[in-house]
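A short write-up of the structure that comes next.
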Amino acid sequence: MSKRFEGKVVLVTGGGEGIGRAAAFAFAREGATVVVAGRHPEMLHDTVEQITALGGKATCGIEGDVSHHGKQDAERIVQTVVKHHGRLDVAFNNVTELGPNQPVAEIAEAVWGETLAANLTGVWLSMKHEIAHMEKNGGGVIVNTASNIGSQGMLPGLGAYAASKAAVSTLTQTAAREYIDKGIRINAISPCPLGRGAKVEEIAETVLWLASDEASYVVGHDLVLDRKAAL
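Going by the working numbering, the first residue of the sequence shown is number 6, and it counts up by one from there.
If you want it as structure tokens, here you go:
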């Protein structure tokens, strides 16, 4: 039986830990060549080493911070993937910054800005350059990490995080409608960052499903991954 992502090149941002690392392992098990990117090179290196030790294909962990427009790291990351592999078929944009637990009126302006930059601007910049490549090369699939705190406002004290993740959900839906006719399918997942929620391996399997041909008719959804939220 052929693997779902055999011959595909997959970029995972935030691939050094948590959901990103679990997704990188899952994509590799399904035959993909995986490229991980993020801010912590030692974690990225460890992810690549573990995947290759298990017989998977993972290359060039790319250090970079996609949230800062001036640094152009998002563009460089996509360019590096294409330079090494000639293509980019799937992108999982998974960089997340929870930020401090504070009431809205107590959030410092710097914290607000940093949280939105990490969670929203980083996704936008990543999509900007991923879409530019995919549009010229026959399409692709993008999955973004939002949060059910953003979509349902479940917890007080996380106003900046909730606002940024709700915006990721809206950005995903808008981009999905703009680019589906160009062969680019875009969706989001909304796991719960606190409490039971779903295990990282369970979330990773959902990411793979959204990125696979099995979900070829799923466009512009924000899929909530939390047992309580679904009841």
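Even for Gly, the Cβ is constructed at its ideal location relative to N, Cα and C.
Suppose the cutoff is 6 Å on Cβ atoms and the five residues either side in sequence are ignored; what does the same chain contact list for residue i look like?
i             : result
alanine 172   : Leu125
valine 146    : Val95, Arg190 and Ala216
lysine 187    : Glu140
isoleucine 82 : Ala42, Ile67 and Gly69
asparagine 98 : Thr18, Val128, Ser131 and Asn149
glutamate 111 : none
histidine 50  : Gly66
Does DSSP put residue i in a helix, in a strand, or in coil?
i            : result
alanine 151  : coil
arginine 190 : strand
valine 224   : coil
leucine 160  : coil
glycine 145  : strand
Under 8 Å by Cβ, that's how I've got residue i and residue j pegged, so tell me the actual separation to the nearest angstrom.
i             : j              : result
threonine 177 : asparagine 153 : At roughly 14 Å, the Cβ-Cβ gap does not stay under 8 Å, so threonine 177 and asparagine 153 are not in contact.
arginine 190  : valine 224     : 6 Å
valine 86     : leucine 130    : Between leucine 130 and valine 86 the Cβ distance is about 15 Å, and since that is not below 8 Å, they are no contact.
glycine 43    : glycine 19     : 5 Å
valine 71     : valine 100     : 6 Å
Which residue marks the beginning of the alpha helix (DSSP H) containing residue i, and which one marks its end?
i             : result
leucine 215   : 205 to 216
threonine 126 : Looking at the DSSP string, threonine 126 is not in any alpha helix (DSSP H), and its letter there is neither H nor E.
leucine 176   : 164 to 184
Can you find the residues in the same chain that come closer than 8 Å, C-beta to C-beta, to residue i, ignoring five residues on each side of it along the sequence?
i              : result
alanine 31     : Glu206, Ala209, Glu210, Val212 and Leu213
alanine 33     : Val39, Ile56, Leu59, Gly61, Lys62 and Ala63
glycine 162    : Asn106, Gln107 and Pro108
isoleucine 185 : Ile191, Val224 and Gly225
alanine 123    : Ser72, Val100, Thr101, Glu102 and Ser169
alanine 79     : Gly69, Val71, Gly127, Leu130, Ser131, Lys133 and His134
Among the residues of its own chain, which have a CB less than 7 Å from the CB of residue i, if the five just before and after it don't count?
i            : result
leucine 236  : In this prediction, leucine 236 scores a pLDDT of 41, lower than 50, which makes its location untrustworthy; the coordinate-derived value is nonetheless stated afterwards. Answer for leucine 236: no residue qualifies.
glycine 23   : Val205
cysteine 65  : Val40, Thr85 and His89
arginine 26  : Gly20 and Thr52
arginine 182 : Gly225
Under the criterion of a Cβ to heavy atom distance below 8 Å, does residue i qualify as lining the ligand MG?
i         : result
valine 41 : With respect to the ligand MG, the structure shown offers nothing to examine, as it has no ligands at all.
Ignoring anything shorter than 3 residues or poking outside the segment 32 to 119, list the beta strand (DSSP E) runs there in chain order.
Taken in chain order, the complete beta strand (DSSP E) segments of 3 residues or longer contained in the segment 32 to 119 are 38 to 43, 62 to 68 and 95 to 98.
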